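Working notes for the structure below.
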Amino acid sequence: MKKLIYILLILTLSVSFVACGNSVEAVEDTENEVVKGSITVQAETAWIPYYEAAIERVKAKYPEADISIMEAGVFDHLGVLDSTDPSNPDVADVFALGLDNVKKYEKSAVVTAIDAKRIVDELGGYDDFDGMFANMLKVEDAYYAMPYNIETLVVFANKANAQAHGIDLEKTYAFEDLEAEDLLAVAHNAWFGLPFTNAVGIDLLAKDDQGVLHSDLTKDFNQLTDEQQAMFVSLFDYWQKHDALGTDLWDKEAAYGYLDSSIVTGGNTTFRIDGPWSTPSLVEKTDGGSDLAVLPINTITVSGNPMAHWKGGWSLAANIRIEEDKNKMLIAEELIKELLNPAYAVDLFQTTGKILPNVDASVYNASDLGDIDKAVITAVIDSYNVSADNPVIKEWDNVWGSWENAILSWSAIKPASVEEAYSEIQASFKAMMATFQ
Numbered sequence: 033m034k035k036l037i038y039i040l041l042i043l044t045l046s047v048s049f050v051a052c053g054n055s056v057e058a059v060e061d062t063e064n065e066v067v068k069g070s071i072t073v074q075a076e077t078a079w080i081p082y083y084e085a086a087i088e089r090v091k092a093k094y095p096e097a098d099i100s101i102m103e104a105g106v107f108d109h110l111g112v113l114d115s116t117d118p119s120n121p122d123v124a125d126v127f128a129l130g131l132d133n134v135k136k137y138e139k140s141a142v143v144t145a146i147d148a149k150r151i152v153d154e155l156g157g158y159d160d161f162d163g164m165f166a167n168m169l170k171v172e173d174a175y176y177a178m179p180y181n182i183e184t185l186v187v188f189a190n191k192a193n194a195q196a197h198g199i200d201l202e203k204t205y206a207f208e209d210l211e212a213e214d215l216l217a218v219a220h221n222a223w224f225g226l227p228f229t230n231a232v233g234i235d236l237l238a239k240d241d242q243g244v245l246h247s248d249l250t251k252d253f254n255q256l257t258d259e260q261q262a263m264f265v266s267l268f269d270y271w272q273k274h275d276a277l278g279t280d281l282w283d284k285e286a287a288y289g290y291l292d293s294s295i296v297t298g299g300n301t302t303f304r305i306d307g308p309w310s311t312p313s314l315v316e317k318t319d320g321g322s323d324l325a326v327l328p329i330n331t332i333t334v335s336g337n338p339m340a341h342w343k344g345g346w347s348l349a350a351n352i353r354i355e356e357d358k359n360k361m362l363i364a365e366e367l368i369k370e371l372l373n374p375a376y377a378v379d380l381f382q383t384t385g386k387i388l389p390n391v392d393a394s395v396y397n398a399s400d401l402g403d404i405d406k407a408v409i410t411a412v413i414d415s416y417n418v419s420a421d422n423p424v425i426k427e428w429d430n431v432w433g434s435w436e437n438a439i440l441s442w443s444a445i446k447p448a449s450v451e452e453a454y455s456e457i458q459a460s461f462k463a464m465m466a467t468f469q
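Just add 32 to wherever you are in the sequence shown, counting from 1, and you've got the working numbering.
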């Protein structure tokens with residue numbers, strides 16, 4: 033049915049594969065099949081050297097293969113796809129997309145099934161591929177992408193500031209015991225609020241076995257568990273302290289500038305919850321990185337429970353327009369396999385900053401990567417292993433604004449108690465849930 037819908041779409045748009053410049057002729061001889069065809073692959077500018085090397089390895093196996101790089105940022109490329117359709121020649125045959133969006137694109141007939149199990153078997157290193165990724169990549173019995181990297185939040189620390197504030201970075205610290213500026217997290221942004229809610233098992237939005245949506249945040253405050261109530265007490269105290277200090281942490285636009293100025297060596301902050309993508313910026317703020325430490329997310333606890341984020345990351349998928357062409361699919365799958373080849377994991381990280389899910393931290397630590405890179409990789413892997421599965425629910429897009437608007441409202445409303453503060457969250461999430469009915 034999906035293929036029929038796709039064909040009708042192409043006919044309606046009067047777009048042919050020939051017009052896209054992707055014609056292919058499969059040639060067979062008496063000995064074996066000659067794989068011959070042309071595909072494109074999306075790559076950001078910085079990734080191109082790595083992709084060029086991977087393409088050469090594919091061509092060593094399939095000399096008649098023609099693979100062209102389509103230089104485009106991942107978000108720009110997905111923007112073109114979202115505003116048009118997969119037949120658009122400005123959409124590549126192989127491209128990166130978020131792990132949590134694979135099922136969405138499968139449902140809308142954008143990506144096609146690939147032989148992920150064969151790729152996994154040939155690459156090796158996956159102890160439990162299904163346990164790690166099936167919930168994001170698998171629809172019924174088919175896989176629609178391969179995991180490109182793992183990604184989650186970590187804890188950055190300024191070692192000089194830690195020493196000045198009497199903080200031992202070898203220890204675990206309770207969020208409640210830290211001073212207001214000892215640890216900074218933009219908790220009003222749900223992405224950075226998740227370490228708090230995940231620590232105490234709050235489902236901001238979930239779907240039960242019958243497909244019914246629910247949210248823990250529609251409950252009354254006294255219906256939450258003791259740990260969940262304690263977390264909101266801590267978060268409310270955190271807001272009160274920053275409100276009294278007059279910092280910019282609860283300012284949606286100015287918060288990140290405040291984080292940057294406070295984490296610098298000599299500043300007021302020791303810990304900062306952030307993603308590995310912020311490493312270059314944090315190196316600049318910590319005396320060229322000499323004062324920078326990178327720690328796993330569970331270095332900080334909330335209500336007695338270790339913080340935990342999501343098991344996030346990106347994937348590599350194949351455009352549905354090539355699914356009927358066996359040669360193109362073989363080339364695309366071989367390219368995906370070579371891009372994910374663990375033998376080149378260090379090269380991949382150096383070029384793209386991506387950490388492969390099937391490579392142990394010891395491989396990176398034994399390489400010639402710098403100490404900070406090794407610390408980041410180790411912290412991401414450790415944090416990923418303790419973090420929660422990403423809920424693949426399309427309705428989750430509504431959570432971001434519901435959480436953010438409620439938490440930011442505290443600065444305007446000035447709630448006098450945690451119950452009053454929580455009531456703003458409850459009202460926001462009740463309104464969100466009403467939109468699903």
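From the three backbone atoms N, C-alpha and C, an ideal C-beta is built for every residue, glycine too. Since the structure is predicted, the reported quantities are computational estimates derived from the model, not experimental observations.
Cβ shell of residue i (< 6 Å), same chain only, five flanking positions each side left out
i: LYS35; result: Low local confidence applies: a pLDDT of 43 at LYS35 is under 50, so the model's placement there is unreliable, and no value is given.
i: THR72; result: SER100, MET102, ALA124 and ASP125
i: GLY307; result: LEU185
i: LEU362; result: VAL67
i: PHE49; result: Residue placement at PHE49 cannot be trusted, given a pLDDT of 36 that sits under 50; what the coordinates show is reported in the next sentence. There are no such residues.
i: LEU201; result: ALA189, ALA194 and ALA325
i: ASP252; result: none
Same chain, Cβ closer than 7 Å to residue i, five either side skipped, listed in chain order
i: VAL424; result: ASP132, LYS135, ASN167 and MET168
i: ASP240; result: HIS246
i: THR383; result: ALA78, TRP79, PRO81 and TYR82
i: SER46; result: Confidence at SER46 is low in this model, with a pLDDT of 38, below 50, so the placement of that residue is unreliable and no value is reported for it.
i: SER443; result: ASP275 and TRP282
i: PHE461; result: SER247, LEU249, THR250 and SER434
i: LYS273; result: ALA212
i: LYS406; result: TYR396 and ASN397
i: VAL165; result: The identity of residue 165 in the sequence shown is Phe, whereas the question assumes Val. Around PHE165: PRO179.
Cβ pair residue i, residue j closer than 8 Å
i: THR297; j: ASN193; result: yes
i: TRP309; j: HIS220; result: no
i: MET178; j: ALA141; result: no
i: SER119; j: VAL232; result: no
i: ASN351; j: ALA75; result: no
i: LYS93; j: GLU366; result: yes
i: ILE409; j: ILE387; result: yes
i: ILE234; j: GLN261; result: no
i: ILE332; j: LEU215; result: yes
i: ALA340; j: VAL418; result: yes
i: VAL22; j: PHE161; result: Lying outside 33 to 469, the shown extent of the chain, residue 22 is not represented and no answer is given.
i: LEU237; j: GLU427; result: yes
i: SER70; j: ASP108; result: no
i: SER266; j: PHE224; result: no
Per-residue DSSP class, three states only, for residue i
i: LEU226; result: helix
i: LYS284; result: coil
i: LYS462; result: helix
i: THR302; result: coil
i: ALA189; result: strand
i: VAL296; result: coil
i: ILE71; result: strand
i: LYS23; result: Within the shown structure, residues of the chain are numbered from 33 to 469, placing residue 23 beyond reach of any answer.
i: LYS35; result: Residue placement at LYS35 is flagged as unreliable, the pLDDT there being 43, under the threshold of 50; the coordinate-derived value follows with that caveat. If DSSP states are grouped into helix, strand and coil, LYS35 belongs with the helices.
i: LEU210; result: coil
i: ILE182; result: strand
i: HIS220; result: coil
i: ASP252; result: coil
i: HIS246; result: strand
i: LYS472; result: Nothing about residue 472 can be read from this structure; the chain reaches only from 33 to 469.
i: LYS446; result: coil
i: ILE457; result: helix
i: ALA420; result: strand
i: ASP275; result: helix
i: SER441; result: coil
i: ASP258; result: helix
i: LEU291; result: helix
Contact belief for residue i with residue j at Cβ below 8 Å, rounded distance in angstroms
i: PRO328; j: VAL187; result: 7 Å
i: TRP346; j: TYR158; result: Not really, about 16 Å apart at Cβ, beyond 8 Å.
i: VAL412; j: THR184; result: 6 Å
i: ALA453; j: PHE127; result: Wrong, their Cβ atoms sit about 43 Å apart, outside the cutoff.
i: ILE354; j: THR116; result: That belief does not hold up - the Cβ atoms of ILE354 and THR116 are roughly 17 Å apart, past 8 Å.
i: GLU456; j: ALA438; result: 5 Å
i: PHE303; j: MET263; result: In fact, because the Cβ distance is near 17 Å, the residues do not count as touching under 8 Å.
i: VAL106; j: ASP122; result: Not confirmed; about 14 Å, so no contact.
Residues near residue i by beta carbon distance below 8 Å, same chain, minus five either side
i: LEU155; result: LYS369, LEU372, ASN373, PRO374 and ASN390
i: THR301; result: ASN190, ASN193, GLU213, ASP214, LEU215, LEU216, LEU291, SER294 and ILE295
Test: residue i CB closer than 8 Å to a CB of chain B
i: ALA86; result: Protein chains in the displayed structure number just one, and chain B is not present.
Residue i CB to nearest heavy atom of the ligand ATP below 7 Å
i: LEU155; result: As presented, the structure is devoid of all ligands, the ligand ATP included, so that no description of it is given.
Segments assigned beta strand (DSSP E), at least 3 residues, entirely inside the region 107-177: 126-130
Entirely enclosed alpha helix (DSSP H) segments - the region 355-405, minimum 4 residues: 358-371, 377-384 and 393-397
Contained beta strand (DSSP E) runs [length at least 3] in the region 308-353, N- to C-terminal order: 324-327, 332-334 and 346-351
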